[in-house]
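*Asks:* In the numbering used here, the protein residues as written are 2 to 401.
1) Since residue 285 and residue 338 should fall inside the 8 angstroms C-beta cutoff, what is the C-beta to C-beta distance between them, to a whole number of angstroms?
2) Below 8 angstroms, how does it come out for the region 114 to 121 and the region 32 to 50: are there three or more Cβ pairs, yes or no?
3) In angstroms with no decimal places, state the Cα-to-Cα distance between residue 268 and residue 127.
4) Could you check the C-alpha separation between residue 21 and residue 163 for me, to the nearest Å?
5) Helix, strand or coil for residue 345? Go by DSSP, reduced to three states.
6) Count the C-beta pairs between the region 176 to 195 and the region 208 to 222 that are closer than 8 angstroms, then say yes if the count reaches three, no if not.
7) Might you give, ordered along the chain, the residues of its own chain that have their beta carbon closer than 7 angstroms to the beta carbon of residue 123, omitting 5 neighbours on each side?
8) Assign residue 155 to one of two classes, buried (16 or more other C-beta atoms within 10 Å of its C-beta) or exposed (fewer than that).
9) Report the option in 157, 94, 12 and 257 whose CA atom is closest to the CA atom of residue 169.
10) For residue 230, which residues of its own chain have a beta-carbon under 6 angstroms away from its beta-carbon, when the five flanking residues on both sides are left out?
11) Can you list, in chain order, the stretches of the beta strand (DSSP E) that have 3 or more residues and sit fully within the region 162 to 209?
12) Could you check whether the region 132 to 139 touches the region 52 to 70, counting it as contact only if at least three pairs of C-beta atoms, one from each stretch, sit closer than 8 angstroms?
13) Leaving aside the five residues before and after residue 364 along the sequence, list all residues of the same chain whose C-beta is less than 8 angstroms from its C-beta, in chain order.
14) Answer yes if the region 64 to 71 comes into contact with the region 19 to 35, meaning at least three C-beta pairs across the two stretches below 8 angstroms, and no otherwise.
15) List the residues that DSSP assigns as beta-bridge partners of residue 229.
16) For residue 226, is the classification buried or exposed, using 16 other Cβ atoms within 10 angstroms of its Cβ as the cut-off for buried?
17) Is DSSP giving residue 239 helix, strand or coil here?
18) Measure the alpha-carbon distance for residue 296 versus residue 92 and round it to whole angstroms.
19) Between residue 333 and residue 355, is the Cβ-Cβ spacing less than 8 angstroms?
20) Would you list, in sequence order, the uninterrupted alpha helix (DSSP H) runs of no fewer than 4 residues that lie entirely inside the region 52 to 137?
21) From residue 85 to residue 308, what distance separates their C-alpha atoms?
What follows is the structure, given as structure tokens:
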């Protein structure tokens, strides 16, 4: 019993360094895909560096729910790859240890990963998404300032709610607009078309409200219900523009299921009467909060026999195998999301099939490894290739 404890502690300690390196590496890879968007926002709205670090910090929970299971698989694979290449597995077997007796530290490691991934998925993801949205809203409303240089000549501008603006020429020196066309549909049932040869833009700092003062123009007032048209000439006419209302509408648009807590997801599912795409998206998000953390066990168990049967001692080889199987897991998960949203089969199946497949393959390979009947990696990759091809064929034929 004491020997088992020593071996378990030894294997558990071996899992930690590659796990930490994998977490840092894959988090960095995931972040690089979003760094450009964050940087553009920082530059466009002239924000301080603190906004950059906060946006990155709020994105981390979303990445970690995928990175932690991936890192558990890679660290387990690399650990058993090293033990196998150094003949430590053979020495342990000669000492009376079975393959199954080497799995408790892996299962404990997977359990810890399961807990952290669950925390990220259930609590971290909604918190990060809501905080990110609030930070973006605060950044835009507090730092955005529309000026003449932001307007484009001969371009329809629809930044203002219910108002479309077209300016033929902008004189930045005199700070005036020339040959202006405005389509104002803010009043229900009424369309106002304003044409003026000259105008100027006056802003209220910090309020996102603007006054477009027009000179010597014409207003065409069209009442849709009465089918009447009135034309009015004016010397001076002020058009009030509110950019903040348009920003509020864009930030309070369609529901984002990733921002909903577990209770909000359950309430929405129970109260929803329609079975549309939005309903299935919320249902998928609910099941995903449990299925993705469980991937720590499915991928972790799979990595044990894969590492033991790999003859190469190169870490790049183990990393390649891990990425291939995680890619397979992600393809299955993506297919489950697509078919689940379409209502082809229940979302719970789409979210749990990846775990069942990966876990089933892992248990099968583990049993064969315990009996010294390893499956050739080349043959395994051949079946994976065939499996992926069948999924992609079904997906493409379904879209046709």
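Every residue, glycine too, gets a C-beta built ideally from N, C-alpha and C. Since the model is a prediction, treat every value here as computed from it, not as a measurement.
*Replies:* From the atom records:
1) On the chain shown, position 284 is the one that residue 285 refers to. On the chain shown, position 337 is the one that residue 338 refers to. Under the criterion of beta carbons closer than 8 angstroms, residue 285 and residue 338 qualify as touching, at roughly 6 angstroms.
2) no
3) Along the chain shown, read from residue 1 onward, the residue named residue 268 stands at position 267. Along the chain shown, read from residue 1 onward, the residue named residue 127 stands at position 126. So the two alpha carbons sit approximately 15 angstroms from each other.
4) Position 20 of the chain shown holds residue 21. Position 162 of the chain shown holds residue 163. Cα-Cα distance, rounded: 52 angstroms.
5) As a position in the chain shown, residue 345 is number 344, starting the count at 1. Three-state result, residue 345: coil.
6) Yes, they touch.
7) As a position in the chain shown, residue 123 is number 122, starting the count at 1. Residues of the same chain with a CB within less than 7 angstroms of the CB of residue 123, apart from the 5 flanking positions on each side, are 263 and 290 in chain order.
8) Within the chain shown, numbered from 1, the residue matching residue 155 stands at position 154. Label assigned to residue 155: exposed.
9) What you label residue 169 is simply residue 168 of the chain shown in a count that begins at 1. When only C-alpha atoms are compared, the closest one is 157.
10) Position 229 of the chain shown holds residue 230. Hits under 6 angstroms: 223.
11) 164 to 172, 177 to 185 and 191 to 205
12) By the criterion of at least three beta-carbon pairs nearer than 8 angstroms, the region 132 to 139 is in contact with the region 52 to 70.
13) Working through the chain shown from its first residue, we reach residue 364 at position 363. Once the five neighbours on either side are set aside, the close Cβ partners of residue 364 are 302.
14) yes
15) On the chain shown, position 228 is the one that residue 229 refers to. Residue 229 has 224 as its beta-bridge partners, per DSSP.
16) On the chain shown, position 225 is the one that residue 226 refers to. So residue 226 ends up on the exposed side.
17) Counting from 1 along the chain shown, the entry for residue 239 is found at position 238. Three-state result, residue 239: strand.
18) The residue labelled residue 296 in the question sits at position 295 within the chain shown. The residue labelled residue 92 in the question sits at position 91 within the chain shown. The alpha-carbon atoms of residue 296 and residue 92 are separated by roughly 30 angstroms.
19) To locate residue 333, count along the chain shown from 1; it is residue 332. To locate residue 355, count along the chain shown from 1; it is residue 354. In this structure, residue 355 lies closer than 8 angstroms to residue 333 by Cβ.
20) Whole alpha helix (DSSP H) segments, 4+ residues: 89 to 95 and 105 to 120.
21) For the purposes of this step, residue 85 is taken as the residue at position 84 of the chain shown. For the purposes of this step, residue 308 is taken as the residue at position 307 of the chain shown. So the alpha carbons of these two residues sit roughly 7 angstroms apart.
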